[in-house]
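S.K.: The opening residue of the sequence shown carries number 20 in my numbering; numbering runs sequentially from there.
For each residue, glycine too, the CB sits at the ideal point set by N, CA and C.
Have a look at this one before I ask anything.
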Amino acid sequence: MALLIKTDIERGNAWAEALASAYPELKTHTWPYKGDPAAIDYALVWMPPEGELKSYPNLKAIFSIGAGIDHLASDPDLPEGVPVVRMVEPGLTAGMSEYVALAALNHHRFIQDYANQRREKRWEEIPQIAASARQIGMLGLGVLGRAALESLGTFGFKLAGWSRTPKSITGISCYHGEEGLREFLAETDILVCLLPLTPETEGILNRDVFAQLPQGAAVINVGRGGHLVEEDLLEALDSGQLGGATLDVFHEEPLPKNHPFWTHPKVFMTPHIASMTIPETACQAVVANIHRLEAGEPLRHVRDMTRGY
Ligand code: NAP
Ligand code: GLV
């Protein structure tokens, strides 16, 4: 049985090593692969070139190295009938909870404002607000959104989440659908986006949504760059409707050098590192799924073609 790995060289080698110790019988190849395409049973990929995967006629499953599968869904030649599995693994979940906590606390405690003051050598106190007086609203209550939101509960924030289907989660006010979104936004002081990028969620962080948040609210985008209408964010920051933004994902990555986000005083940004799959922990999830498929059992975390994520 053979698996092809397509990511950057360093991570590809880390995956090959992790898989060799977790599943020694599995033969791994790193891309570019020069052997017989028919010999490849599984692909483990991050952003493969469009059309690449259709050249392996015997693929049984495609594993995404990331939680998001938009990098595969956008391939018009994705082989039909081959299940696409998104990444669900404890290292990725823990990393995202850390990042969202860091970003939410950054806004809650005005750290970006203090960083700006420091540059100007200004010693000024900003009145502190109790966590219990702030609502953190999570767009997306999936594996990552729910874990990140729940971990913020320890600080005493009010927690709310929005999803496609109705949910009931202790300690979280749950909203769904278009009507729920309005009610959810009206009370949200720190809005976090952890949605998958689909035609329904593209551009969801826009002028209308920002206008429905309380004045001075903050936005944290860790979903995908395609969720954000960048001009609308700049306008909302400059008008004071939004107090700040943390951005980890962008329409164009790397962000072009002349982009206004680089120097905007209300923007804190990072280069798409909010959370990364850790091969040492993630290989267990991949191996367990391969064993399931080989034993004739259903795969876990398969992309649902009807809902698109
Ligand atoms: P997931 O488990 O599939 O959860 C997706 C959540 O979004 C679900 O709660 C789903 O609602 C909700 N949703 C989807 N479409 C919706 C819609 N049209 N309206 C309202 N809610 C909708 O995904 P995940 O594993 O948490 O990952 C989420 C995303 O995080 C990924 O797709 C990826 O883009 C991003 N990500 C970013 C980084 C980074 O480093 N920046 C790292 C990892 C992942 P239901 O519960 O009702 O289905
Ligand atoms: C990273 O962006 C992921 O989808 O895991």
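By the DSSP assignment, the beta strand (DSSP E) with Phe280 in it spans what residues?
M.R.: Element bounds for Phe280: n/a, residue is neither H nor E.
S.K.: Which of the three DSSP states is assigned to His291 in this structure?
M.R.: In the structure shown, His291 sits in coil (DSSP, three-state: anything other than H, G, I, E or B).
S.K.: Taking 9 Å as the threshold (C-beta atoms), are His127 and Arg105 in contact?
M.R.: Cβ atoms of Arg105 and His127: not closer than 9 Å.
S.K.: What does DSSP give as the partner residue(s) for Tyr328 in the beta ladder?
M.R.: Its beta-bridge partners do not exist; DSSP assigns none.
S.K.: Bridge partners of Met157, per DSSP?
M.R.: Answer is Gly180 and Val211.
S.K.: Using the C-alpha atoms, what's the distance from Ala301 back to Tyr42?
M.R.: Whole-angstrom Cα-Cα distance: 13 Å.
S.K.: Once you ignore the five residues that flank Pro273 on each side, which residues in its own chain have a CB closer than 7 Å to its CB?
M.R.: Only Pro290 meet the Cβ criterion.
S.K.: Taking the straight line between their C-alpha atoms, what separation do you get for Gly110 and Gly161?
M.R.: About 16 Å.
S.K.: Based on Cα-Cα distance, which residue from Val211, Ser40, Gly87 and Thr325 lies nearest to Ala120?
M.R.: Minimum Cα distance to Ala120 is reached at Val211.
S.K.: Beta carbon of Ile84: closer than 8 Å to some heavy atom of the ligand GLV?
M.R.: Under cutoff, so the answer is yes.
S.K.: Tell me where the beta strand (DSSP E) around Ile24 begins and ends.
M.R.: Segment Ala21 to Lys25, the beta strand (DSSP E) holding Ile24.
S.K.: Tell me which residues share the same chain as Pro279 and place their Cβ nearer than 8 Å to its Cβ, disregarding the 5 neighbours each side in the sequence.
M.R.: Counting only Cβ-Cβ distances below 8 Å, and skipping sequence neighbours, we find Leu253.
S.K.: Taking 8 Å as the cut-off, is the beta-carbon of Leu253 closer than that to any non-hydrogen atom of the ligand GLV?
M.R.: Answer for Leu253: no, Cβ out of range of the ligand GLV.
S.K.: For the segment 66 to 80 against the segment 231 to 238, do three or more pairs of beta-carbon atoms, one drawn from each stretch, fall closer than 8 Å, so that the two count as touching?
M.R.: They do not touch, by the three-pair rule.
S.K.: Answer yes if the segment 155 to 169 comes into contact with the segment 186 to 193, meaning at least three C-beta pairs across the two stretches below 8 Å, and no otherwise.
M.R.: Touching, per the Cβ criterion.
S.K.: For the ligand GLV, I want to know if Met106 counts as a neighbour, meaning its beta carbon is within less than 8 Å of at least one of the ligand's heavy atoms.
M.R.: Within the cutoff, so yes.
S.K.: Three-state secondary structure (DSSP) at Ala35?
M.R.: The answer is helix: DSSP assigns Ala35 an H, G or I state.
S.K.: Given this structure, state the Cα-to-Cα distance separating Val107 from Ala304, to the nearest angstrom.
M.R.: Distance between the alpha carbons of Val107 and Ala304: 7 Å.
S.K.: From what residue to what residue does the alpha helix (DSSP H) around Tyr194 run?
M.R.: Tyr194 -> not in any alpha helix (DSSP H); beta strand (DSSP E) instead, spanning Ser192 to His195.
S.K.: Could you tell me which residues DSSP pairs with Ser83 in its beta bridges?
M.R.: In DSSP, Ser83 forms a bridge with Val64.
S.K.: In the DSSP assignment, what residue or residues form a beta bridge with Thr265?
M.R.: Note: Thr265 sits in a beta bridge opposite Ile239 and Phe287.
S.K.: To the nearest angstrom, how far is it from the Cα of Gly31 to the Cα of Leu45?
M.R.: Going by the C-alpha atoms only, they are around 15 Å apart.
S.K.: Any heavy atom of the ligand GLV closer than 8 Å to the CB of Thr220?
M.R.: No; taking the cut-off as 8 Å, the Cβ of Thr220 has no heavy atom of the ligand GLV nearer than that.
S.K.: Please say whether Asp94 and Gly70 have beta carbons closer to each other than 9 Å?
M.R.: Yes; because the gap between Cβ atoms is below 9 Å, this pair is in contact.
S.K.: Between which two residues does the beta strand (DSSP E) containing Thr112 stretch?
M.R.: Where Thr112 is concerned, there is no enclosing beta strand (DSSP E), although the alpha helix (DSSP H) it sits in stretches over Pro109 to His127.
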